[in-house]
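2 protein chains.
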Amino acid sequence: MKEAKPPAPAKRLRADASRNREKLIGIAAIEFAERGGSASLEEIARKAGVGIGTLYRHFPTREHLVEVVYRREVEVLCAAADELAQHNAPDVALAEWMQRFVDYIAAKRGMANSLRILFDANSEVFANTSGMIASALQRLVDAAVADGSIRSDVDISDISQALSGIYSAPDTPDWRDRSRRLVSLLMDGLRWGSARSRR
Amino acid sequence: MKEAKPPAPAKRLRADASRNREKLIGIAAIEFAERGGSASLEEIARKAGVGIGTLYRHFPTREHLVEVVYRREVEVLCAAADELAQHNAPDVALAEWMQRFVDYIAAKRGMANSLRILFDANSEVFANTSGMIASALQRLVDAAVADGSIRSDVDISDISQALSGIYSAPDTPDWRDRSRRLVSLLMDGLRWGSARSRR
DNA sequence: TCAAGAAACGGAGGCACCTCCGATTATCTT
DNA sequence: AAGATAATCGGAGGTGCCTCCGTTTCTTGA
Numbered sequence: 001m002k003e004a005k006p007p008a009p010a011k012r013l014r015a016d017a018s019r020n021r022e023k024l025i026g027i028a029a030i031e032f033a034e035r036g037g038s039a040s041l042e043e044i045a046r047k048a049g050v051g052i053g054t055l056y057r058h059f060p061t062r063e064h065l066v067e068v069v070y071r072r073e074v075e076v077l078c079a080a081a082d083e084l085a086q087h088n089a090p091d092v093a094l095a096e097w098m099q100r101f102v103d104y105i106a107a108k109r110g111m112a113n114s115l116r117i118l119f120d121a122n123s124e125v126f127a128n129t130s131g132m133i134a135s136a137l138q139r140l141v142d143a144a145v146a147d148g149s150i151r152s153d154v155d156i157s158d159i160s161q162a163l164s165g166i167y168s169a170p171d172t173p174d175w176r177d178r179s180r181r182l183v184s185l186l187m188d189g190l191r192w193g194s195a196r197s198r199r
Numbered sequence: 001m002k003e004a005k006p007p008a009p010a011k012r013l014r015a016d017a018s019r020n021r022e023k024l025i026g027i028a029a030i031e032f033a034e035r036g037g038s039a040s041l042e043e044i045a046r047k048a049g050v051g052i053g054t055l056y057r058h059f060p061t062r063e064h065l066v067e068v069v070y071r072r073e074v075e076v077l078c079a080a081a082d083e084l085a086q087h088n089a090p091d092v093a094l095a096e097w098m099q100r101f102v103d104y105i106a107a108k109r110g111m112a113n114s115l116r117i118l119f120d121a122n123s124e125v126f127a128n129t130s131g132m133i134a135s136a137l138q139r140l141v142d143a144a145v146a147d148g149s150i151r152s153d154v155d156i157s158d159i160s161q162a163l164s165g166i167y168s169a170p171d172t173p174d175w176r177d178r179s180r181r182l183v184s185l186l187m188d189g190l191r192w193g194s195a196r197s198r199r
């Protein structure tokens, strides 16, 4: 069975290779969150239990690693939307997801600089990821509207706007609390005047 | 004679210190222009004939050094405006100065990244320097208009606009030649319809 | 199951960053 | 003029970055 398969989309990785790769991404996510974009790559390799050479083979530059970690976290965040929707009332799922969004942003603030470099080099990444986030939000809102637990005259872009305000807010010590309160407030506003609240 | 002089504006530097400082700035300007923002600081110290410690005492971070070099070059560029005005016909001075502006921009392109970091940290620097440049340009244009060697209905902001286009132009190999041609063209346009050309 | 070849590992090595502090001046005081 | 004082010099040293390549481990096919 001679099959032409030259454009192998992504070569299967060897078992040890993919194990190491995952380990590195996991540790890197933690380190970037804790130490920001200047986390030591050697430290990451050490904690992942691999040599520095292995890290560099998988991620030729710091930005490659940042990109992969960033993508991974967006995926997790978006997957959480569906997870939450399955196990909660739609409005609760939406509220909880927005709170997680705050946490997600919090982790990103430390690495703002690396992300900007990445943005310059490959802005397509951001088009993808922001699309994913918008679509997750859309699904949650649609479900909550359909269910009558939030008002029906809301537009995704309004919510996005509010959430992006969180990102650009000044980096005070109480940033996180304030952001969480903002999300609660937003949620109250969405519930007010809903079919359910009127019933 | 007990005099209160606590707010000494800028402590006089010791002779050797200021000598070293100047040497460092000079070498750094050359290195940044040649190698871009990633020029080695140790290399700069070595070429300046001082220890690395001396460099770091004068300029605690790479960005400090970049900022000083940047400021210095803007000052030189603006001083050149007056110099040129004294020794040339006003229109010639203007033309020559714009050509020097191209060279100045060329040197900046390599260090775009460092400049952006600097911009985030201290955007006041840019307000200052762009003001200085605008005012130098204004002086040259005024003189040429008064002299009748360029048309009188020109606005500084139009010329600035054209010059800033040079900065944002794509970084092709012939960027410099194209920019110089653009400046010539601009100059022809300015001369056309001037009092002198009509006479 | 085993051997050969492919792929991945990992750390030594070279360079740059930046800090720290004893040695070395320049400037001030008497 | 010569010592006292304060500022400056300069490089050793610890850390991180990244490359290179000999060694180890996985996969495959017989």
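Protein chains in written order, with the working numbering: chain A, 1 to 199; chain B, 1 to 199. Using N, Cα and C, we set each Cβ at its ideal position, and we do this for glycine too.
Is it true that the CB of residue j sits closer than 8 angstroms to the CB of residue i?
i: Val66 (chain B); j: Leu115 (chain B); result: yes
i: Ala106 (chain B); j: Arg151 (chain B); result: no
i: Gly148 (chain A); j: Arg178 (chain A); result: no
i: Ala28 (chain B); j: Ile52 (chain B); result: no
i: Leu77 (chain B); j: Glu96 (chain B); result: no
i: His58 (chain B); j: Leu24 (chain B); result: yes
i: Val68 (chain A); j: Ile133 (chain A); result: no
i: Arg109 (chain A); j: Asp171 (chain A); result: yes
i: Asp91 (chain A); j: Ala144 (chain A); result: yes
i: Ala80 (chain B); j: Leu140 (chain B); result: no
i: Ala183 (chain A); j: Gln86 (chain A); result: The sequence shown places Val at residue 183 (chain A), rather than the Ala named in the question. No.
i: Val125 (chain B); j: Arg62 (chain B); result: no
i: Val102 (chain B); j: Arg180 (chain B); result: yes
i: Ala162 (chain B); j: Leu186 (chain B); result: yes
i: Ile156 (chain A); j: Gln138 (chain A); result: yes
Where does residue i fall in DSSP's three states?
i: Trp192 (chain B); result: coil
i: Phe59 (chain B); result: coil
i: Val74 (chain A); result: helix
i: Arg35 (chain A); result: helix
i: Ser68 (chain B); result: The sequence shown places Val at residue 68 (chain B), not Ser. Reduced to three states, the DSSP call for Val68 (chain B) is helix.
i: Ser40 (chain A); result: coil
i: Arg12 (chain A); result: coil
i: Asn88 (chain B); result: coil
i: Ser197 (chain B); result: helix
i: Gly26 (chain A); result: helix
i: Gly200 (chain B); result: Chain B is shown only over 1 to 199; residue 200 (chain B) falls outside these bounds and no answer can be derived.
Examine the Cβ distances between the stretch 14-32 of chain B and the stretch 101-117 of chain A and report whether three or more of them are shorter than 8 angstroms.
-> Counting Cβ pairs under 8 angstroms, fewer than three are found: no touch.
Residue ranges of each alpha helix (DSSP H) run of no fewer than 4 residues wholly in the stretch 110-195 of chain B, ordered along the chain?
-> The stretch 110-195 of chain B contains these whole alpha helix (DSSP H) runs: 112-121, 124-147, 156-168 and 175-191.
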